[in-house]
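First residue of the sequence shown? That's 160 in our numbering, and the numbers climb one at a time after it.
Heads up, the thing below is written out as structure tokens.
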Amino acid sequence: MSDDAGTKTHFDLIVIGGGPGGYGAALYGSAAGLDVAVVEMDKVGGTCLHRGCIPAKELLETAHVFRTVGEAARFGVESSAPTLAFGTTMARKAEVVGTLFKGLSGLLKSRKVTMFSGVGTLQADRSVVVAGLDGERTQITGDAVILASGSAPRTIPGFYVDGTRVLTSDEVFELERLPARVAVIGGGAIGCEFASMLADLGSEVTVLEALPQILPTVDKDVVQTVLRSFKGRGITVQTGVQVTGHTPGSTGTTIHIDGAPDLPVDAVIVSVGRRPLSDTLGLDGTGVLVDERGFVEVDELCRTAVDGVWAIGDLIATPGLAHVGYAEAILVIKQLLGEPAIPVDYAKVAWCIYSRPEVAFVGLSEQAARDAGHDVSVAKHRWGGNSRALIIGDGEGMVKVIAEKRPDGSAGELLGVHMSGPWVTELLGQAYLSVNWEATVDDIAHFVQPHPSLSENFGEAVLALTGRSLNS
Ligand code: NAI
160 MSDDAGTKTH
170 FDLIVIGGGP
180 GGYGAALYGS
190 AAGLDVAVVE
200 MDKVGGTCLH
210 RGCIPAKELL
220 ETAHVFRTVG
230 EAARFGVESS
240 APTLAFGTTM
250 ARKAEVVGTL
260 FKGLSGLLKS
270 RKVTMFSGVG
280 TLQADRSVVV
290 AGLDGERTQI
300 TGDAVILASG
310 SAPRTIPGFY
320 VDGTRVLTSD
330 EVFELERLPA
340 RVAVIGGGAI
350 GCEFASMLAD
360 LGSEVTVLEA
370 LPQILPTVDK
380 DVVQTVLRSF
390 KGRGITVQTG
400 VQVTGHTPGS
410 TGTTIHIDGA
420 PDLPVDAVIV
430 SVGRRPLSDT
440 LGLDGTGVLV
450 DERGFVEVDE
460 LCRTAVDGVW
470 AIGDLIATPG
480 LAHVGYAEAI
490 LVIKQLLGEP
500 AIPVDYAKVA
510 WCIYSRPEVA
520 FVGLSEQAAR
530 DAGHDVSVAK
540 HRWGGNSRAL
550 IIGDGEGMVK
560 VIAEKRPDGS
570 AGELLGVHMS
580 GPWVTELLGQ
590 AYLSVNWEAT
600 VDDIAHFVQP
610 HPSLSENFGE
620 AVLALTGRSL
630 NS
């Protein structure tokens, strides 16, 4: 039942779940000399590697290539209109995932992390029982246990996931052909990424969002740029709508929307958030507390109610992001090592959405800053004046910087940076560090960005907040 467990049954640390949180803890812990066991019921890499971030971004890259070839004539590069070999697309996605999986498995092995295959449950005495797929049960003990069993897609009443008409993100990655007409229920990160990808590959897409705005936590001005792009590419976005059910037909299905016409489609993607997978951990009677939504309750240091048991990643009610899982893993390992540990500042984590245009943000939107009582100074810079954006031919979106307005009217600390447009998911790094280091406008404006580069747009936006500007 175990991959390489041998006869060893006691470890410094047992991690249940081998996604980014769990393998992050195993890698960081083993690098610091801890003897670590990981219990995984599927494959290490978790949702992120197998059914989330990695395959999604790989398919979005295919959409990018398809679009680039389709638009190549404007650079004077003539070719016939591109066609999509969907089988090859999915095979490449599988190859990228496979390569990363192999690399991760090798890394864990080289760090001497002991792998157990099976379902791990926590016992009242804090030991862990691993039920292997072959029925074998093994009991192991650890000085510490990290629960990192992750999450699964949520669905909504009336939308039973059948894998053909009704899909979640899990099923989208297994599609055999591109659906011609798609409805995406939920306009969050997953919904917008799939809508963008499918539309660029040729599907007719409608996004149905219950709230008044898609990407609800993103700055309104930035969302407007996404909406403009979506509209220009034929993606219909309906906000403030209630989906009441659907009636399957011989091939597709017809979606019913309260107060709006029925919507016939070939497939529906339900992307209304994810639910924590705490029910597989056998937590009843262990003393570990679970809230009414299924999240394991922890304090700011990721400690559960049971001494020596920690929980991280999508299993706890913090942003459901792989890199938040990594941060929480490091936080816990530092405590195990007796080192100073600084809680994760969840209000200032990096958010990246890989749609077209890309969206990336850190910190407060303008509205959220005002709602929090800040007097704010704001600079908005579109890409039209940025030479690199013009060169690469991608000028959708904007960089918006939100700073505290001091009593003397000058702009002070950066409160948030919200961006859309070319490569902003990569550009966010500077903004992420600036906001987290509590930098002021003057601190950042002092530095000059390379020319020509996309990063100039961030530099220019911050410089403008000093009251003077350069290229804009
Ligand atoms: P989400 O919570 O980000 O968005 C769900 C959206 O669905 C919300 O806008 C919500 O208002 C809407 N919604 C909920 N119920 C609805 C209903 N009945 N009808 C219509 N709309 C409804 O969840 P999402 O997009 O499924 O992502 C799940 C998790 O994965 C999130 O934690 C997200 O942060 C993470 N993720 C992050 C990505 C990234 O950072 N690039 C990419 C994909 C996922």
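The beta carbon of each residue, even a glycine, is placed where N, CA and C say it ideally should be.
ask   = Grouping DSSP H, G and I as helix and E and B as strand, with all else coil, what is Pro179?
value = helix
task = Identify the continuous beta strand (DSSP E) that holds Phe520 and give its terminal residues.
result = 517–522
inquiry  = Counting beta carbon pairs with one atom in the region 236–255 and one in the region 491–504, are three or more of them shorter than 8 Å?
reply    = no
task = With distances taken Cα to Cα, identify the nearest neighbour of Leu386 among Val174, Gly588, Ser579.
result = Ser579
Within 8 Å, strictly: CB atoms of Gly484 and Gly404 = no
ask   = If we ignore side chains and look at the alpha-carbon of each, how far apart do Ala190 and Ile344 end up?
value = 42 Å
task = Counting only the same chain and skipping the five closest in sequence on each side, list residues whose C-beta sits under 8 Å from that of Trp582.
result = Glu517, Leu613
task = Report the option in Ala184, Asn545, Val396, Ile603 whose CA atom is closest to the CA atom of Gly571.
result = Ile603
query = Cβ of Leu480 within 7 Å of any heavy atom in the ligand NAI?
reply = yes
message = Using 8 Å for Cβ pairs, my map puts Gly441 next to Arg285. What's the rounded Cβ distance?
response = 12 Å between Cβ atoms; not a contact.
query = Can you tell me the Cα-Cα spacing of Val521 and Ser546, whole angstroms?
reply = 25 Å
request  = Let me know the secondary structure DSSP gives Met200 once reduced to three states.
outcome  = In the structure shown, Met200 sits in coil (DSSP, three-state: anything other than H, G, I, E or B).
task = State whether the region 553–568 contacts the region 371–387, with contact taken as three or more CB pairs (one from each stretch) at a distance under 8 Å.
result = yes
query = Once you ignore the five residues that flank Leu448 on each side, which residues in its own chain have a CB closer than 6 Å to its CB?
reply = Hits under 6 Å: Glu456, Ala464.
key: 4 or more residues per run - each alpha helix (DSSP H) lying fully within the region 583–629   = The region 583–629 contains these whole alpha helix (DSSP H) runs: 583–595, 600–604, 615–623.
ask   = Cβ of Arg226 versus every heavy atom of the ligand NAI: is any distance shorter than 7 Å?
value = no
query = Between Arg433 and Gly472, which are expected to be in contact by the criterion C-beta below 8 Å, what is the C-beta distance as a whole number of angstroms?
reply = Not quite, the Cβ-Cβ distance comes to about 11 Å (not below 8 Å), so this is no contact.
task = Please confirm if the region 313–331 is in contact with the region 388–401, defined as three or more CB-CB distances below 8 Å between the two stretches.
result = no
query = Can you give the Cα-Cα distance for Leu490 and Glu217, rounded to whole angstroms?
reply = 30 Å
ask   = Are there three or more Cβ pairs, one per stretch, closer than 8 Å when the region 218–225 is compared with the region 341–361?
value = yes
request  = For my contact list, Val424 and Ile414 are in at a C-beta cut-off of 8 Å; report their separation, rounded to the angstrom.
outcome  = 6 Å
ask   = Which word fits Thr406, buried or exposed, when buried means at least 16 other C-beta atoms lie within 10 angstroms of its C-beta?
value = exposed
key: Boundaries of the alpha helix (DSSP H) in which Glu295 is found, first to last residue   = Looking at the DSSP string, Glu295 is not in any alpha helix (DSSP H), and its letter there is neither H nor E.
query = Out of curiosity, what's the CA-to-CA distance linking Lys202 and Ala486?
reply = 21 Å
request  = Name, in chain order, the residues that DSSP records as bridge partners for Ile173.
outcome  = Ala196, Val304
ask   = How long is the line joining the alpha carbons of Ile305 and Gly188, rounded to whole angstroms?
value = Looking at the two C-alpha atoms, the distance is approximately 11 Å.
Same chain only: Cβ atoms within 6 Å of Ser161, ignoring 5 sequence neighbours per side = Interpretation of Ser161 is limited by its pLDDT of 47, a score under 50 that renders its predicted location unreliable; the figure taken from the coordinates is listed afterwards. Phe275.
task = Helix, strand or coil for Ser355, going by three-state DSSP, please let me know.
result = helix
key: Start and end residues, alpha helix (DSSP H) containing His533   = Segment: none, His533 is in no alpha helix (DSSP H) and carries neither H nor E.
Val207: first and last residue of the uninterrupted alpha helix (DSSP H) it sits in = The residue you asked about is not Val; residue 207 is Cys in the sequence shown. From DSSP, the alpha helix (DSSP H) with Cys207 extends over 205–210.
task = Compute every distance between the C-beta of Trp582 and the non-hydrogen atoms of the ligand NAI, then say whether any falls below 7 Å.
result = no
query = What is the C-beta distance between Arg324 and Thr412, in whole angstroms, given that I count them as a contact (C-beta under 8 Å)?
reply = 5 Å
task = Determine the DSSP secondary structure at Ser388, reduced to helix, strand or coil.
result = helix
inquiry  = Taking only three categories from DSSP, how would you classify Gln383?
reply    = Helix at Gln383.
message = Can you tell me whether Pro179 is buried or exposed? The criterion is at least 16 other CB atoms within 10 Å of its CB, across all chains shown.
response = buried
ask   = To the nearest angstrom, how far is it from the Cα of Arg637 to the Cα of Ile349?
value = Within the shown structure, residues of the chain are numbered from 160 to 631, placing residue 637 beyond reach of any answer.
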